[in-house]
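Asker: Numbering (the UniProt record's numbering), first residue to last: 1 to 915.
Backbone N, C-alpha and C define an ideal beta-carbon position, used for all residues, glycine too.
Source: prediction; values computed, not measured.
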């Protein structure tokens, strides 16, 4: 208090002196000093009795009680600061950050905490950069777990799901996460799945949805079909653990193979996805061949059976000699009318020539069907076309079975291969013939889409209740009839009894199943299968752009404004299936002119697992709880028996007794400490091995304490009774201040790049820690008199805010209450999360250190961007710097860049983009 009185008196003396100087004709600068000093005197008078922050009296140390008060105070306030969005404000660039939405299990786990902490930090950072940001959240709310819970607990899946959603929302709020909650979606609500059904009907109209009998993976416990990816290496269900059975059922498929080539080719236009592009490419495979449709005949009579068979060389189709099927093909084992014929004529272990023939619906050629001696073809094929001209193996089979064939290719002296004996495509090069044949097939709707031998169409039927109803009606007269659009949504009936056995629970509601045909109005039946939950999540990113639309899935203008997603964050386990399906729906919507962009996601960030130690009994493999393990010796042993244990790092789960409850961590360490730990422990794509006692947790705790100490140090210096005056610093001290200024600018540059380029939050925190250390080394006189120290500390606080918003908000308030501030460019009257992200001082970028790079888009100049000289000759660095610049965000973000050319000699980069 004495120091505050002294400061007030000193200011009053200075004020009188300045007034006297003014009367004596002082310069205009003295008038400005007078104004500043009068303002300072008023502030000093207001703060005379007690210096307080937002929470209360400023504490010197950031202890447990202070941390609790700080986080309890700021938790509701920082949530409210993530403002609502107005799409009408097109003057600001947009940033769409999306983290994969969760299944509402009712309990957050550490994997949730990691992915959503990352998205929260990115969203807050981009907002501080001036972007218009959405970070939406919703619920992947359909699926077997809720239905199984209904069976086990006598609850309805809807009530189970809604109560879990409510609880998880509260858990999200407790972590201070900045979701754009007004865009919340829930896939099990009719207002959402109405539009899933709408898109299904669009696929049906386009001939991309079809129903056929197929050999499926049947889970005898969950009584439903499983995708191949839901069956483990031991042939057991991923969820129930039951041994999966092979069964023939009539199922609904989405013909994703129709988009295989387009999706494979589009990967080259996407930025690097940390190896995920390679995973996508491998999943799709090399799209060199296609399937073509055949009509089957027996003894010259046409049957109702059709068969699609694959060929690696469609251009040689006129040379087809026979059609192969495997001994395991559905025609031999399903409900086919040809089943008896095939079984009777099949000779195990030999290629069996049958009396069934196949008519190519493109060329009208009729060839015999052969049951192959092989048990497997390449990858997932179960039928293919034999073409001896392009396959020595096919020629051998044809010769052995006495099947005649025609040569349809020849090699000219110049090495060029041409097609012969092939109708209207005769004389074409093989490449020309390939394009012609596949286009003809597509025009006739009988195949022709280039795909690989490993990609199969997407089986979406599920024989369960809790899923999106398939909007199809089966009529004995009209056949398969789509539900009219105006009758959507087809709402799930209220099933109250779940047995978990037998046919779909929808079968138990006859008043829902029995309906009238939309065409002939006669009695008909609804489809009782529901859709795979992957269908719901294959387009949710588009619904977020316009979540309350009641007239269509989304407004195209809004989708075009927000899409593509700028940064998509999620687990690597979803980097194949979900990502493939999401890309498929995006391509399909683009073809319907519903969206401008083909690809849904610009950058992809896959985060690793959080693992903890497991302790297993060697004899049984049983996992033990921590309290059952003796950790006092050199090796862990069973506390009860002394048996040595198998120790491994594994993904956290309840069954392995190695899970960590986020709520308990928040209580023990605090929200900011947990967030900083998650970001600092490892780069996002790497796994975190949890050991809170010895690893990054103590480090980030100490860092918060040191940050708090810096603010305390400045507060104490400015309330010491001595007025700050940079002119009082000696030469050595000014040199030290200059070093602080240089370090501040270096850290701004590096941290900004870590946030925008590689998302290395651990490296960003490390650099902020180094700046913290430099500021701690400053002398007391530097703290008191240096503008550079004050500015660096303020800047440090701003850069901490996206990652640790609670402590940063409180420290900013503490700084805002500091008297006699030397920095005037910060907005001290608004909270830290509403500050602008710091930029490097122009003086720091010397003219000799930067190059003015001209930016052209489609050969037209659109502006210039400054890039560091050392990066000016590196294409990738210039490319990324331009994209992240204000000019790049405005003119290039969200557009498909075909190519870019860098000319270092003329300091020019030209982007060729799709109009």
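When DSSP builds the beta bridges, which residues end up paired with residue 571?
Answerer: Paired residues: 607.
Asker: Counting only beta-carbon atoms, is residue 199 nearer than 7 angstroms to chain D?
Answerer: Of the chains in the structure shown, none is chain D; there is only one protein chain.
Asker: What whole-angstrom Cβ distance do residue 237 and residue 226 have, given they're in contact under 8 angstroms?
Answerer: Contact holds; Cβ gap of about 6 angstroms.
Asker: Hey, could you find the ends of the beta strand (DSSP E) residue 311 is sitting in?
Answerer: Its beta strand (DSSP E) spans residues 301 to 311.
Asker: Give the secondary structure of residue 617 by DSSP, where H, G and I count as helix, E and B as strand, and everything else as coil.
Answerer: Strand.
Asker: Using C-beta distances below 7 angstroms, list every residue in its chain close to residue 763, excluding the 5 sequence neighbours before and after it, in chain order.
Answerer: Only 754 meet the Cβ criterion.
Asker: Please state whether the Cβ-Cβ distance between residue 245 and residue 218 is less than 7 angstroms.
Answerer: Contact flag set, yes.
Asker: Hey, quick one: how far does the beta strand (DSSP E) through residue 853 stretch, first residue to last?
Answerer: Element bounds for residue 853: 850 to 857.
Asker: Return the first residue and the last residue of the alpha helix (DSSP H) that residue 628 is part of.
Answerer: Neither: residue 628 is in no alpha helix (DSSP H) and is coded neither H nor E.
Asker: According to DSSP, is residue 588 part of a helix, a strand, or is it coil?
Answerer: Looking at residue 588 - three-state DSSP - the assignment turns out to be helix.
Asker: Which of the three DSSP states, helix, strand or coil, is assigned to residue 220?
Answerer: It is coil, neither helix nor strand.
Asker: Along the chain, where does the beta strand (DSSP E) containing residue 897 start, and where does it finish?
Answerer: Element bounds for residue 897: 897 to 903.
Asker: State the Cα-Cα distance for the pair residue 106 and residue 878, rounded to the nearest angstrom.
Answerer: Looking at the two C-alpha atoms, the distance is approximately 46 angstroms.
Asker: So if DSSP puts residue 475 in a beta bridge, which residue, or which two residues, is it bridged to?
Answerer: Residue 475 pairs with 479.
Asker: Quick check on DSSP: helix, strand or coil for residue 891?
Answerer: Three-state DSSP puts residue 891 in a helix.
Asker: Exposed or buried, which one is residue 776 when buried takes at least 16 other CB atoms within 10 Å?
Answerer: So residue 776 counts as exposed.
Asker: So the candidates are 129, 109, 66, 108; which of them puts its Cα closest to the Cα of residue 834?
Answerer: Nearest of 129, 109, 66, 108 to residue 834, Cα basis: 129.
Asker: Ordered along the chain, which non-local residues of its own chain (more than five positions away) have a Cβ less than 8 angstroms from that of residue 662?
Answerer: Within the same chain, residue 662 has close Cβ partners 108, 109, 110, 112, 113, 171, 175, 674.
Asker: Give me whichever residues DSSP pairs with residue 836 in a beta bridge.
Answerer: Answer is none; residue 836 lacks a bridge partner.
Asker: What does residue 359 pair with, by DSSP beta-bridge criteria?
Answerer: In the DSSP output, where bridge partners are listed per residue, residue 359 has 295, 366.
Asker: Output the residue ranges of the beta strand (DSSP E) runs that lie fully inside the stretch 695 to 742 and measure 3 residues or longer, sorted by chain position.
Answerer: Listed in chain order, nothing qualifies, since the stretch 695 to 742 has no complete beta strand (DSSP E) run of 3 or more residues.
Asker: Does the stretch 328 to 338 touch the stretch 265 to 284, meaning 3 or more C-beta pairs lie closer than 8 angstroms?
Answerer: Because the criterion of three Cβ pairs below 8 angstroms is not met, the stretch 265 to 284 and the stretch 328 to 338 do not touch.
Asker: To the nearest angstrom, how far is it from the Cα of residue 164 to the Cα of residue 102?
Answerer: Taking the straight line from one Cα to the other gives about 11 angstroms.
Asker: For residue 231, which residues of its own chain have a beta-carbon under 6 angstroms away from its beta-carbon, when the five flanking residues on both sides are left out?
Answerer: If we look at residue 231 and ignore the five residues flanking it on each side, its Cβ neighbours are 217, 244.
Asker: Could you check which residue in 617, 558, 256 has the C-alpha nearest to that of residue 200?
Answerer: For the residues 617, 558, 256, the minimum Cα distance to residue 200 belongs to 256.
Asker: Excluding five sequence neighbours on each side, which residues of the same chain lie with their C-beta closer than 7 angstroms to the C-beta of residue 827?
Answerer: Same-chain partners within the cutoff: 835.
Asker: Which whole-angstrom value describes the C-beta separation of residue 97 and residue 566, a residue pair presumed to lie in contact below a C-beta threshold of 8 angstroms?
Answerer: With a Cβ gap of about 6 angstroms, residue 97 and residue 566 count as contacting.
Asker: Would you kindly report the start and end of the unbroken beta strand (DSSP E) that includes residue 649?
Answerer: From DSSP, the beta strand (DSSP E) with residue 649 extends over 645 to 651.
Asker: Which residue from 300, 313, 301 puts its Cα closest to that of residue 287?
Answerer: The option with the nearest alpha carbon to residue 287 is 313.
Asker: Tell me which residue opens and which closes the beta strand (DSSP E) that residue 246 is part of.
Answerer: First-last of the beta strand (DSSP E) with residue 246: 245 to 254.
Asker: Helix, strand or coil, according to DSSP, for residue 197 in the structure here?
Answerer: Residue state, collapsed to three classes: helix.
Asker: For residue 903, which residues from the same chain have a beta carbon less than 6 angstroms from its beta carbon, with the 5 sequence-adjacent residues on both sides left out?
Answerer: For residue 903, where only same-chain residues beyond five positions count, there are no Cβ hits under 6 angstroms.
Asker: Pick helix, strand or coil for residue 72, following the three-state DSSP scheme.
Answerer: If DSSP states are grouped into helix, strand and coil, residue 72 belongs with the helices.
Asker: Between residue 642 and residue 652, is the Cβ-Cβ spacing less than 7 angstroms?
Answerer: The answer is no: Cβ separation not under 7 angstroms.
Asker: Hey, residue 204 and residue 482: beta-carbon distance below 7 angstroms or not?
Answerer: Yes.
Asker: Look up residue 489 in the DSSP assignment and give the residues it is bridged to.
Answerer: Looking at the DSSP assignment, residue 489 forms no beta bridge with any residue, so it has no partner.
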